[in-house]
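Below is one structure, written out as structure tokens, with a few remarks after it.
Number of protein chains: 2
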Amino acid sequence: MNAARGRRCTLEDVAARAGVSRATASRVVNGSPRVSEAARRAVEAAIDELGYAPNRAARSLAADRSESIALVVSEPSVRLFADPFFAPATLGVTGVLEPTRYQLVLALAHTEAGHERLERHLVRGGVDGVLVMSGRAGDPLPRRLADAGIPTVVAGRPPEGVDVGYVDADNVGGACRAVRHLVERGRRRIGTVAGPPDMVPGVDRRTGWEKALAAAGRTPEPDLVAAADFTRSGGEAATRRLLERHPDLDGLFVASDLMALGALDALRAAGRRVPDDVAVVGFDDTELARSADPPLTTVRQPLEQLGAVMARLLLDQLDRDRPPTGVVLDTDLVVRASA
Amino acid sequence: MNAARGRRCTLEDVAARAGVSRATASRVVNGSPRVSEAARRAVEAAIDELGYAPNRAARSLAADRSESIALVVSEPSVRLFADPFFAPATLGVTGVLEPTRYQLVLALAHTEAGHERLERHLVRGGVDGVLVMSGRAGDPLPRRLADAGIPTVVAGRPPEGVDVGYVDADNVGGACRAVRHLVERGRRRIGTVAGPPDMVPGVDRRTGWEKALAAAGRTPEPDLVAAADFTRSGGEAATRRLLERHPDLDGLFVASDLMALGALDALRAAGRRVPDDVAVVGFDDTELARSADPPLTTVRQPLEQLGAVMARLLLDQLDRDRPPTGVVLDTDLVVRASA
DNA sequence: AGCGTCCGTGAGAGCGCTCTCACGCCCGTC
DNA sequence: GACGGGCGTGAGAGCGCTCTCACGGACGCT
Chain G
1 MNAARGRRCT
11 LEDVAARAGV
21 SRATASRVVN
31 GSPRVSEAAR
41 RAVEAAIDEL
51 GYAPNRAARS
61 LAADRSESIA
71 LVVSEPSVRL
81 FADPFFAPAT
91 LGVTGVLEPT
101 RYQLVLALAH
111 TEAGHERLER
121 HLVRGGVDGV
131 LVMSGRAGDP
141 LPRRLADAGI
151 PTVVAGRPPE
161 GVDVGYVDAD
171 NVGGACRAVR
181 HLVERGRRRI
191 GTVAGPPDMV
201 PGVDRRTGWE
211 KALAAAGRTP
221 EPDLVAAADF
231 TRSGGEAATR
241 RLLERHPDLD
251 GLFVASDLMA
261 LGALDALRAA
271 GRRVPDDVAV
281 VGFDDTELAR
291 SADPPLTTVR
301 QPLEQLGAVM
311 ARLLLDQLDR
321 DRPPTGVVLD
331 TDLVVRASA
Chain X
1 MNAARGRRCT
11 LEDVAARAGV
21 SRATASRVVN
31 GSPRVSEAAR
41 RAVEAAIDEL
51 GYAPNRAARS
61 LAADRSESIA
71 LVVSEPSVRL
81 FADPFFAPAT
91 LGVTGVLEPT
101 RYQLVLALAH
111 TEAGHERLER
121 HLVRGGVDGV
131 LVMSGRAGDP
141 LPRRLADAGI
151 PTVVAGRPPE
161 GVDVGYVDAD
171 NVGGACRAVR
181 HLVERGRRRI
191 GTVAGPPDMV
201 PGVDRRTGWE
211 KALAAAGRTP
221 EPDLVAAADF
231 TRSGGEAATR
241 RLLERHPDLD
251 GLFVASDLMA
261 LGALDALRAA
271 GRRVPDDVAV
281 VGFDDTELAR
291 SADPPLTTVR
301 QPLEQLGAVM
311 ARLLLDQLDR
321 DRPPTGVVLD
331 TDLVVRASA
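Quick look at the structure:
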């Protein structure tokens, strides 16, 4: 197989052609400052002529670093990978990583066994750094990575007391803004379709709902909350429950666009007009929101930027050994017809 | 950094503990049949006790293979990565790869420079195999990879005469089926919003439209075709043009759901009812189709399966050195309200 | 009994690179 | 003019693994 690709040229070849030692050639390749101008030029010329590119494996082995970064999507989020969340965030990540020497290894753990193997691989130094996308609140991975001393950045808030970098969208603030919008629109009875209680963004958005109501001098009654699982049918069922408990519901904050679509289904089925009878605000601002009927007022989170910032924070840890830090990104309210 | 992670145990350690040589330990790890039962058991026990996992870099270097597979999304599709196409397909790929020793390296080329660097890396043997997702008809990458002898599987049809594996959805058949549906619904004047002429799926879907019309004894007139760029606004504009040219249009096949959404916009703006005045069929069956108004009749392609089959075909080349082959997956017509 | 064969095993040579050391060389300094 | 101190350089020792090769013992054959 190797023969078919022709003999690959090595640092040794480059060095020979440039008339220097392998060590010097290596220095040039790695941008060391302790090389004379002449040597540098000679080596660079040789590299060009030979079409040299370093052998990743050899480099990793010698330097004890893999030059790769894992993008981990842990269970049970894998099924949600098709979620409009991941693609833009991944785009942000790859955009930042492209000009660096790091390659991105996609690690979606589909099975329990796979998850274990993955964790072992990560902790044993299979990668230089890890980006974790996982909505699960109790995910032990960030802590394990932190304990193993592996630079890590998570999307969302990390578990309390775990020293990893993180980038979060301002879920609380965004939800708060959404609910304030409903209040300002004169809505009196504002419920929320929340996410599962074990997923951080879901919890945060619910918290935002509570804060906004409290700020408006109202009581966020627990039975104005119906939890669902971030699916469309889940959103529909939750909305139905809410409607039963509170026939006078006139405002609804739904923790995701997809669930909001379900809410619209339920509302339509119940004969309520949107936004006249019930005003609805979603979260995410996916393409779905624009095409919904009526088009959904929703909270936009800057997903691509989120991915990009994650990558940048990780690079800070990796290449400049900065300590892990956290960043919270602003969200925007996008007002359309539903509220 | 390494110290913080503790000393990693090596094959040597395992061998010592098991009381065998490194060579034998290696044989066990790699499942060679030429090992005695006793030795195998001893080594396996040692591996467990020590928590050994092989060092990827060392293995790659020694064996001259990287144990990694690249998932390449080449320009100009990167922007479309957020497209509902990629996530499910990627899921299919990772699902198949998870239990293997291969890791998936995500290579999205954002820039021209990045694209070049990537190609160099791939061709120089940075990966064992490549999965190419690129709708671009003229993409030179598959041919270059084939020439370099690197096992490759592309999504969609490869360029003529390039010997790589491929997995395609039956775009022609699906489109044909969609248009036949319109014919069966009694539509007389059936136009199509096609994709860009340089993207294979777009071309194939147009071909399907032509075939279906021809089969129904009609002439697929070129001015019943309006090309767009797979965006919503593009679909809207194309539909508007079609409507101008053919006010009597009563059937419309749109080459993607997202464009179909734009078509619905244009139709609504022109005061046409769907499906009464104009029946519309989309392609892809994304979540968008379900939530459209009216819900879109559309052609479903098995995206996750597509990814899975791609991965499987590549593994066939890699591990069983089978020659590259192609597979075409069936598509389904999903009938909803729009046609 | 003698021979060949096979099979499990170990020794050891790399794979291509990084990085530590030590060695000259050319300064500046006293 | 002798000396210390950079600074650019090269030699060489690994990094952890795979894989070839050669070896000894167990067996089957004549």
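Chains G and X are the protein sequences, given in the same order. All letters in the first sequence, in the order written, are residues 1 to 339 by the working numbering. All letters in the second sequence, in the order written, are residues 1 to 339 by the working numbering. No residue lacks a Cβ here, since even glycine has one placed at the ideal position from N, Cα and C. Every value quoted in this text rests on a predicted model; they were computed, and no experiment measured them.
According to DSSP, is residue i helix, strand or coil?
i: X/T207; result: helix
i: X/L182; result: helix
i: G/A15; result: helix
i: G/D128; result: coil
i: X/T100; result: coil
i: X/P172; result: The question names Pro, yet the displayed sequence has Val at residue 172 of chain X. The answer is helix: DSSP assigns X/V172 an H, G or I state.
i: X/G195; result: coil
i: G/S36; result: coil
i: X/A3; result: Unreliable positioning characterises X/A3 in this predicted model, as indicated by a pLDDT of 29, which lies under 50. The coordinate reading is nonetheless provided below. DSSP places X/A3 in helix when its eight states are reduced to three.
i: G/R312; result: helix
i: X/V328; result: strand
i: G/I69; result: strand
i: G/N230; result: For the record, residue 230 of chain G in the displayed sequence is Phe; it is not Asn. Coil.
i: G/T24; result: helix
i: X/A155; result: strand
i: G/L213; result: helix
i: G/L249; result: coil
i: X/V93; result: helix
i: G/V200; result: helix
i: X/R235; result: Per the sequence presented here, residue 235 of chain X reads as Gly, with Arg not at that position. In the structure shown, X/G235 sits in a helix (DSSP, three-state: H, G or I).
i: G/V123; result: helix
i: G/R8; result: coil
Please list the partners that residue i has in chain X, where partner means a Cβ-to-Cβ separation under 9 Å.
i: G/F230; result: Result: empty, since nearest Cβ-Cβ is about 13 Å, beyond 9 Å.
i: G/V105; result: S68, Q103, L104, V105 and L106
i: G/G282; result: Per Cβ cutoff of 9 Å: no residues; G/G282 is ~12 Å from chain X at best.
i: G/L288; result: E287, L288 and S291
Can you list the residues of chain X that residue i reaches, using a CB-CB cut of under 7 Å?
i: G/S60; result: A57
i: G/R41; result: Chain X residues near G/R41: none, gap ~21 Å exceeds 7 Å.
i: G/D332; result: Neighbours of G/D332 on chain X: none; closest Cβ ~18 Å, over 7 Å.
i: G/A53; result: R120, H121 and R124
What in chain G is Cβ-close to residue i, meaning under 9 Å?
i: X/S66; result: R56 and A57
Whose CA, out of the options, lies closest to the CA of residue i?
i: G/V123; options: G/E112, G/P142, G/A137 and G/R136; result: G/P142
i: X/R188; options: X/S68, X/D276, X/A63 and X/V130; result: X/D276
i: G/I190; options: G/D204, G/T152 and G/L252; result: G/L252
i: X/T111; options: G/G126, G/T94 and G/A107; result: G/T94
i: X/L306; options: X/R34, X/N55, X/C176 and X/A89; result: X/A89
i: X/E221; options: X/E116, X/T207, X/A255 and X/V28; result: X/T207
i: X/E342; options: G/D163, G/A53 and G/A57; result: Because chain X spans 1 through 339 in this model, residue 342 of chain X falls outside it and cannot be assessed.
i: X/P158; options: X/R336, X/V327 and X/A109; result: X/V327
i: G/D284; options: G/R273, G/V274 and G/D330; result: G/D330
i: G/G271; options: G/A292, G/L11 and G/R240; result: G/R240
i: X/D237; options: X/A216, X/R268 and X/L91; result: Before going further, note that residue 237 of chain X is Ala rather than Asp in the sequence given. With distances taken between Cα atoms, X/A237 lies closest to X/R268.
i: X/D168; options: X/T286, X/L333, X/V162 and X/V309; result: X/V309
i: X/L313; options: X/G92, X/A337 and X/L224; result: X/G92
i: G/D248; options: G/G234, G/D204 and G/V278; result: G/V278
i: G/L296; options: G/L303, G/V172, G/D139 and G/G282; result: G/G282
i: G/T100; options: G/A339, G/D257 and G/N30; result: G/N30
i: X/M133; options: X/R59, X/R41, X/A311 and X/P197; result: X/A311
i: G/C176; options: G/E12, G/R336 and G/D332; result: G/D332
Give the interface partners of residue i over in chain G, defined as CB-CB distance under 7 Å, in chain order.
i: X/A292; result: S291
i: X/T111; result: E98
Residue i versus chain X: which residues are under 8 Å apart at the beta carbon?
i: G/R8; result: R124 and G125
Since residue i meets chain G, which of its residues come closer than 8 Å, beta carbon to beta carbon?
i: X/G114; result: E98 and P99
Near-chain G residues of the segment 80-100 of chain X - C-beta to any C-beta below 8 Å: Listed in sequence order: F81, A82, D83, P84, F86, A87, P88, T90, L91, T94, G95, E98 and P99.
Completely contained alpha helix (DSSP H) runs for the segment 271-310 of chain G, where each covers 4 or more residues: The segment 271-310 of chain G contains these whole alpha helix (DSSP H) runs: 287-291.
Contact list for the segment 251-265 of chain X against chain G, Cβ threshold 8 Å: Close to chain G, meaning a Cβ-Cβ distance shorter than 8 Å, are the following residues of the segment 251-265 of chain X: L258 and L261.
Short-range partners of chain X found in the segment 152-175 of chain G, where Cβ spacing is below 8 Å: Listed by position along the chain: nothing, the set is empty.
Unbroken stretches of the alpha helix (DSSP H), 4 residues or longer, contained in the segment 36-65 of chain G: Listed in chain order, the complete alpha helix (DSSP H) runs (minimum 4 residues) inside the segment 36-65 of chain G are 37-50 and 56-63.
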